[in-house]
Amino acid sequence: MPAPATLGVFARRKRKGEKLVVLTAYDLTSARIAAAAEVDAILVGDSLGMVVLGHETTLPVTLDDMVRHTAAVTRARPGLPVIADLPFGSFHVDAPRTVEAALRLVKEGGATAVKLEGGRKREAVIRALLDAEIPVMGHLGLTPQSVHRLGGWKVQGRGAEAAARLRDEAAFLQDLGCFSLVLECVPAALAAEASAALTIPTIGIGAGPGCDGQVLVFHDLLGLFDDLAPSFVKRYAELGRDAVAAVGRWRDEVRAGVFPGPEHGFLDQDAPAAGSYGGGAAGKERA
Ligand code: KIV
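Residues 97 to 383 in the numbering used here are what the sequence shown lists, from first letter to last.
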């Protein structure tokens, strides 16, 4: 059996000054794509609430949602560390309930580590998670679970006071024992300065090139989600547009009687379908 993927890549890349590449994934298919593309780690982000489950924010995402999707990702056996988000509400009550939630992500979901949003306020729960041997990734800057308190999805850390607070929180999370830190939507100069000052790697999103690594949402990178168009996203493909075109071609062929062709049928009604979702042996006979 292959050895489990570890988080060692985070410290290694920071030490060598090599950029970390982290991609979100939410299911078997996206995890296989991330693994085949040889990224460094997968984040099962609670962004799944928006890009997969259709919520307007990440707030409604449940622990069950996160466990189910984390398990789907790890069933892909990506051979990469898989970090799972603790969803809103799962770490806000007390430390014992936070540890119980994180244990589900590790034991049922197969996560290597958990990520949670916030700084000093989360000291007690982060300590409890680390005591339970669960590695923790921090998340500062724009923390989407605080969208109502922040008054929207706004850049954070602007101005001397806010910048000093972010630097302080970052050092605090490092000293507490977080292995890495997401910096979301903070000015590039501040993110670069914080990254240089820390010994743990920062993973940026909307935080400029000075971070130790970058993370993007799978659906944003591949052009699969149009509801939001953050300026920090670069779309490397237009799979949503391509998918609509492909489905349209299939629709046209069905209506024209072109699909299915003879090669898509079977000679013998009793032969099992090749690769059927219902299971069964591969029957290769064709009409
Ligand atoms: O939920 C998520 O996908 C995230 C990343 C955007 C960092 O937290």
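Glycine included, every Cβ here is placed at the ideal spot set by N, Cα and C. Only a predicted model underlies this, so the values are computations on that prediction, with no experimental measurement involved.
Check whether the Cβ of Asp-141 sits closer than 6 Å to any heavy atom of the ligand KIV, and report yes or no.
-> Taking the sequence shown and counting its residues from 1, one reaches residue 141 at position 45. Strictly speaking, residue 141 in this sequence is Gly, with Asp absent from that position. For Gly-141, the CB falls within less than 6 Å of some heavy atom of the ligand KIV.
What are the residues that DSSP puts in a beta bridge with Ala-209?
-> Taking the first residue of the sequence shown as 1, we reach residue 209 at position 113. In DSSP, Ala-209 forms a bridge with Ile-179.
Between which two residues does the alpha helix (DSSP H) carrying Ala-292 extend?
-> To locate residue 292, count along the sequence shown from 1; it is residue 196. Taken as a continuous stretch (DSSP letters only), the alpha helix (DSSP H) holding Ala-292 covers 284-293.
Tell me whether Asp-120 counts as near the ligand KIV, meaning its Cβ is closer than 6 Å to at least one heavy atom of that ligand.
-> Counting from one through the sequence shown, the residue named residue 120 turns up at place 24. A small correction: the amino acid at residue 120 is Thr; Asp does not occupy that position in the sequence shown. Flag set: Cβ of Thr-120 near the ligand KIV.
Starting from Ser-242, follow its DSSP beta bridges and name the residues at the other end.
-> Reading the sequence shown from its first residue, position 146 is the one you call residue 242. None; Ser-242 has no bridge partner.
Using the DSSP secondary-structure output, state which residues sit across from Val-343 in a beta bridge.
-> The residue you call residue 343 lines up with position 247 of the sequence shown. DSSP lists no partner for Val-343.
Label Lys-211 either buried or exposed according to how many other C-beta atoms from any shown protein chain fall within 10 Å of its C-beta, with 16 as the threshold for buried.
-> For the purposes of this step, residue 211 is taken as residue 115 along the sequence shown, with counting starting at 1. Flag for Lys-211 reads buried.
How is Ser-276 classed by DSSP in three states: helix, strand or coil?
-> Along the sequence shown, one-based indexing puts residue 276 at 180. Annotated three-state conformation of Ser-276 is strand, per DSSP.
Whole-number beta carbon distance between Asp-136 and Val-105, since they are thought to touch under 8 Å | Residue mapping note: residue 105 aligns to position 9 of the sequence shown, counting from 1. Residue mapping note: residue 136 aligns to position 40 of the sequence shown, counting from 1. 5 Å between Cβ atoms; contact.
Would you kindly work out how many angstroms separate the C-alpha atoms of Ala-378 and His-315, rounded to a whole number?
-> For the purposes of this step, residue 378 is taken as residue 282 along the sequence shown, with counting starting at 1. For the purposes of this step, residue 315 is taken as residue 219 along the sequence shown, with counting starting at 1. A caution first: Ala-378 carries a pLDDT of 43, below 50, which makes its placement in the model unreliable, though a value can still be read off. Going from the Cα of Ala-378 to the Cα of His-315 covers about 33 Å.
Proximity test, Val-147 beta-carbon vs the ligand NAD heavy atom, cut-off 6 Å | Because the ligand NAD does not appear in the structure shown, any question about it cannot be addressed here, the ligands present being the ligand KIV.
Sorry if obvious, but does the Cβ on Ile-179 come closer than 6 Å to a heavy atom of the ligand KIV?
-> Taking the first residue of the sequence shown as position 1, residue 179 is located at position 83. False, no ligand heavy atom lies under 6 Å from that Cβ.
Does the ligand KIV have even one heavy atom less than 6 Å from the beta-carbon of Val-311?
-> Looking up residue 311 in the sequence shown gives position 215. Answer for Val-311: yes, Cβ within range of the ligand KIV.
Any idea what DSSP makes of Thr-298, helix, strand or coil?
-> The sequence position of residue 298 within the sequence shown is 202, counting from 1. DSSP places Thr-298 in strand when its eight states are reduced to three.
Quick one: residues in its chain with C-beta nearer than 6 Å to the C-beta of Gln-310, no 5 flanking neighbours on either side, listed in chain order?
-> As a working note, residue 310 is residue 214 in the sequence shown. In chain order, Gly-300 place their CB closer than 6 Å to the CB of Gln-310, counting only its own chain and leaving out the 5 sequence neighbours on each side.
Kindly indicate which residue of Val-178, Glu-219, Phe-355, Asp-123 has the alpha-carbon position closest to the one of Val-148.
-> Locating residue 148 in the sequence shown gives position 52, where the first residue counts as 1. Checked all of Val-178, Glu-219, Phe-355, Asp-123; the closest Cα to Val-148 is Asp-123.
What distance in whole Å lies between the Cβ atoms of Leu-269 and Leu-277, which are believed to be in contact at a cut-off of 8 Å?
-> Numbered from 1 along the sequence shown, position 181 holds the residue referred to as residue 277. Numbered from 1 along the sequence shown, position 173 holds the residue referred to as residue 269. The beta-carbon distance between Leu-277 and Leu-269, rounded to whole angstroms, is 6 Å. This is short enough to meet the 8 Å contact definition.
How close, in whole Å, do the beta carbons of Ala-209 and Ile-230 come, if the pair is a contact with beta carbons under 8 Å?
-> As a first step, residue 209 must be located in the sequence shown, where it is residue number 113. As a first step, residue 230 must be located in the sequence shown, where it is residue number 134. Correct: roughly 7 Å between the Cβ atoms.
Contact set for Lys-115: own chain, Cβ-Cβ below 6 Å, skip 5 residues either direction | Here residue 115 refers to the residue found at position 19 when the sequence shown is read from its first residue. Same-chain partners within the cutoff: Gly-309.
How would you write the range of the beta strand (DSSP E) that Thr-120 sits in, first residue to last?
-> As a first step, residue 120 is located in the sequence shown; it is residue number 24 there, counting from the start. Looking at the DSSP string, the run of the beta strand (DSSP E) that includes Thr-120 is 116-120.
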